[in-house]
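Novice: Top line first, the protein sequences correspond to chains V and X. Position 20 (the first sequence) corresponds to 20 in our numbering; numbering is contiguous. Remember, our numbering sits 1000 above the position in the second sequence when you count from 1.
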Amino acid sequence: MKYFDDINVGDRMALGNHTFTAEEIKAFATLYDPQPFHTDEAAAAASHFGALCASGWHTVAMWMRLRILCGQREDAERVARGEPNATLGPSPGFRDLKWQKPVYVGDTISYASEVIEARISQSRPGWGLIHVRNTGTNQNGEPVLSFISTAFVERRGR
Amino acid sequence: MSRAETARGGRDVNAALHRLHVDAAGAARLGSDRPHRSRRVLVPKLYFEDFAVGFVAEYGPRRVTREEIIAFAAQFDPQPMHMDEEAAKHTMLGGLGASGWHTCCLLMRMIVDGFLVDVASMGAPGIEEVKWLRPVRPGDSLTARGTVQSVRASRSKPDRGFVTLHWDVFNDRGERVMTLLCPQMLLRRTPGASA
């Protein structure tokens, strides 16, 4: 992770993409969101969604996965250049999550993040807090997901 | 006795909500992946009109194991604080803690099993706010308490309305670990009638 000191409002990251399969949509939903339109093709066809689609929590959990994997790649590059890595701390939460369109079987979602606010933590002065707008866009360029997350990021010299 | 009895509204609604609560507790005791469609016929559907500000219901408990915390994290949030007990000690969490997204998913499962199964739900357009207040530890038993914060009929679509629920998730030490604010879209029993 970049140090908080090196993060600027407006910084953008393309996090990569993921194609949702019927198998993983149903496996996720069976554990965490067993509503018929996420677990059963026939029931989904009869629902207001019209076809099997991913749980909204699945689409947002996949953002988290890609965010972490992207960070790990960047960390490895910094190590290769002999640069130190900052620690990414936990998140106090998120807001304004919008599931704008269903994610159907076979949809490929591209995820991106943009820093919209960065300030030093009042309660933990060794850390900064960054607010990031995260988005998911399907293969037709339609937004499917948007939310604003917050996370602690280590400051240099903590 | 049930917190559902604190709900405002008519007697019939209270009775239905009470049954809903009892049914949810029963489902939680059974623990599991009991298919919810089989229960659909047992409980009357609740519509938009059946909810009033201040209605409270509780669901769970749902125990979280170390294995599932690590399995969820490996799949969706592969950070040391969620996967490795030793490494987690040196993080802000001070020990292994579940991914916040995992806690959201566990709440979702309690909501599906206990609540959505009984209401004429059209899904949720999003989540207004989530706060992760404390780590969820291996072995914690989570309970969810939903409070209706606002109700409003849709202006553009006469067949539905929004019921905004504030969810508190507690661990078995009585500590609040997460709050979540969610507008739930519900069908109206009588489309188009004045709210």
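Idealized CB from N, CA, C, for every residue including glycine.
(1) Just how far apart, CA to CA, sit V/Arg155 and X/Arg1152?
(2) Between V/Met1 and chain X, is the shortest Cβ-Cβ distance under 7 Å, so that the two count as touching?
(3) Start and end of the beta strand (DSSP E) containing V/Ala112?
(4) Do X/Asp1077 and V/Met1 have their C-beta atoms within less than 7 Å of each other?
(5) At what residues does the alpha helix (DSSP H) containing V/Leu66 begin and finish?
(6) Please compile the residues from chain V whose C-beta is within a distance smaller than 8 Å of the C-beta of X/Phe1076.
(7) Would the stretch 113-120 of chain V count as touching the stretch 26-42 of chain V if we require 3 or more Cβ pairs under 8 Å?
(8) In or out: X/Val1053 buried (at least 16 other Cβ within 10 Å) or exposed?
(9) How many Å lie between V/Asn17 and X/Arg1109 at the Cα?
(10) With a floor of 4 residues, list each alpha helix (DSSP H) that falls wholly inside the stretch 1081-1117 of chain X, ordered by position along the chain.
(11) Should V/Val153 be flagged as near chain X, meaning a C-beta pair shorter than 7 Å?
(12) Quick one: what does DSSP say V/Leu88 is sitting in, helix, strand or coil?
(13) Just the C-alpha distance for V/Glu159 and V/Tyr104, rounded to the nearest angstrom, thanks.
(14) Using DSSP with H/G/I as helix, E/B as strand and the rest coil, what is X/Arg1039?
(15) Taking X/Tyr1059 as part of the beta strand (DSSP E), name the residues at either end of that continuous run.
(16) Counting only beta-carbon atoms, is X/Val1177 nearer than 7 Å to chain V?
(17) Just verifying my parser: in three-state terms, what is the DSSP assignment at X/Leu1030?
(18) So, are the CB atoms of X/Asp1187 and X/Tyr1059 less than 7 Å apart?
(19) Given that X/Lys1131 touches chain V, what residues does it touch there, using C-beta distances under 8 Å?
(20) Contact criterion: CB-CB distance below 7 Å. Does V/Tyr111 meet it with respect to chain X?
(21) For a minimum of 3 consecutive residues, which ranges assigned as the beta strand (DSSP E) are wholly contained in the stretch 1136-1171 of chain X?
(22) Would you kindly check if the distance between the Cβ of X/Leu1093 and the Cβ of X/Pro1138 is under 7 Å?
(23) If contacts are defined as beta-carbon pairs under 8 Å, then V/Ser146 and V/Lys101 qualify, I think. What distance do you get, rounded to the angstrom?
(24) Whose Cβ in chain X lies nearer than 9 Å to the Cβ of V/His48?
(25) Along the chain, where does the beta strand (DSSP E) that runs through X/Leu1180 open and close?
(26) Beta-carbon separation of V/Leu189 and V/Leu88 under 7 Å?
(27) So, for X/Cys1105: in the same chain, excluding its five sequence neighbours on each side, which residues have a beta-carbon less than 7 Å away from its beta-carbon?
Specialist: Straight from the coordinates:
(1) As a working mapping, residue 155 of chain V is identified with position 155 in the first sequence. As a working mapping, residue 1152 of chain X is identified with position 152 in the second sequence. So the alpha carbons of these two residues sit roughly 44 Å apart.
(2) If you number the first sequence from 1, residue 1 of chain V lands on position 1. With 7 Å as the cut-off, V/Met1 does not count as an interface residue toward chain X.
(3) Here residue 112 of chain V is taken as the residue at index 112 of the first sequence, counted from 1. V/Ala112 -> beta strand (DSSP E) spans Thr108 to Ile120.
(4) Along the second sequence, read from residue 1 onward, the residue named residue 1077 of chain X stands at position 77. Along the first sequence, read from residue 1 onward, the residue named residue 1 of chain V stands at position 1. The answer is no: Cβ separation not under 7 Å.
(5) Along the first sequence, one-based indexing puts residue 66 of chain V at 66. Note, V/Leu66: alpha helix (DSSP H), Gly56 to Ala80.
(6) Against the second sequence, residue 1076 of chain X aligns to sequence position 76. Neighbours of X/Phe1076 on chain V, chain order: Ala61, Met62, Met64 and Arg65.
(7) no
(8) Residue numbering aside, residue 1053 of chain X sits at position 53 when the second sequence is read from its first letter. The residue in question, X/Val1053, is exposed, as its Cβ has fewer than 16 Cβ neighbours within 10 Å.
(9) Here residue 17 of chain V refers to the residue found at position 17 of the first sequence. Here residue 1109 of chain X refers to the residue found at position 109 of the second sequence. Distance between the alpha carbons of V/Asn17 and X/Arg1109 is about 26 Å.
(10) 1085-1089 and 1100-1114
(11) Counting from 1 along the first sequence, the entry for residue 153 of chain V is found at position 153. Chain X contact via Cβ: absent.
(12) As a working mapping, residue 88 of chain V is identified with position 88 in the first sequence. In the structure shown, V/Leu88 sits in a strand (DSSP, three-state: E or B).
(13) Any property of residue 159 of chain V remains undetermined from this structure, which presents chain V solely from 1 to 158.
(14) Looking up residue 1039 of chain X in the second sequence gives position 39. Any answer about X/Arg1039 is weak, because its pLDDT of 38 lies below 50 and its placement is not dependable; what the coordinates show is given next. Reduced to three states, the DSSP call for X/Arg1039 is helix.
(15) Here residue 1059 of chain X corresponds to residue number 59 of the second sequence, with the count starting at 1. Looking at the DSSP string, the run of the beta strand (DSSP E) that includes X/Tyr1059 is Val1056 to Arg1063.
(16) Residue numbering aside, residue 1177 of chain X sits at position 177 when the second sequence is read from its first letter. For X/Val1177, the answer is no, since every Cβ of chain V falls outside 7 Å of its Cβ.
(17) The residue labelled residue 1030 of chain X in the question sits at position 30 within the second sequence. A caution first: X/Leu1030 carries a pLDDT of 34, below 50, which makes its placement in the model unreliable, though a value can still be read off. Here X/Leu1030 sits in helix by DSSP.
(18) Position 187 of the second sequence, counted from the start, is the residue given in the question as residue 1187 of chain X. Position 59 of the second sequence, counted from the start, is the residue given in the question as residue 1059 of chain X. First, the residue type needs correcting, since residue 1187 of chain X is Leu and not Asp in the sequence shown. Against a cut-off of 7 Å, the Cβ pair of X/Tyr1059 and X/Leu1187 comes out as no contact.
(19) By 1-based counting over the second sequence, the position of residue 1131 of chain X is 131. Under the 8 Å cutoff, chain V gives Pro92 and Gly93.
(20) To locate residue 111 of chain V, count along the first sequence from 1; it is residue 111. For V/Tyr111, the answer is no, since every Cβ of chain X falls outside 7 Å of its Cβ.
(21) Here the runs fully enclosed are 1141-1153 and 1160-1170.
(22) On the second sequence, position 138 is the one that residue 1138 of chain X refers to. On the second sequence, position 93 is the one that residue 1093 of chain X refers to. No, the Cβ-Cβ distance between X/Pro1138 and X/Leu1093 is not below 7 Å.
(23) In the first sequence, counting from the first residue as 1, residue 146 of chain V sits at position 146. In the first sequence, counting from the first residue as 1, residue 101 of chain V sits at position 101. At roughly 11 Å, the Cβ-Cβ gap does not stay under 8 Å, so V/Ser146 and V/Lys101 are not in contact.
(24) On the first sequence, position 48 is the one that residue 48 of chain V refers to. Near V/His48 (Cβ distances below 9 Å), the residues of chain X are Met1122 and Gly1123.
(25) In the second sequence, the residue the question calls residue 1180 of chain X occupies position 180. First-last of the beta strand (DSSP E) with X/Leu1180: Arg1176 to Leu1187.
(26) Examination of residue 189 of chain V is not possible in this model, given that chain V is present from 1 through 158 alone.
(27) As a working note, residue 1105 of chain X is residue 105 in the second sequence. Nothing meets the Cβ criterion.
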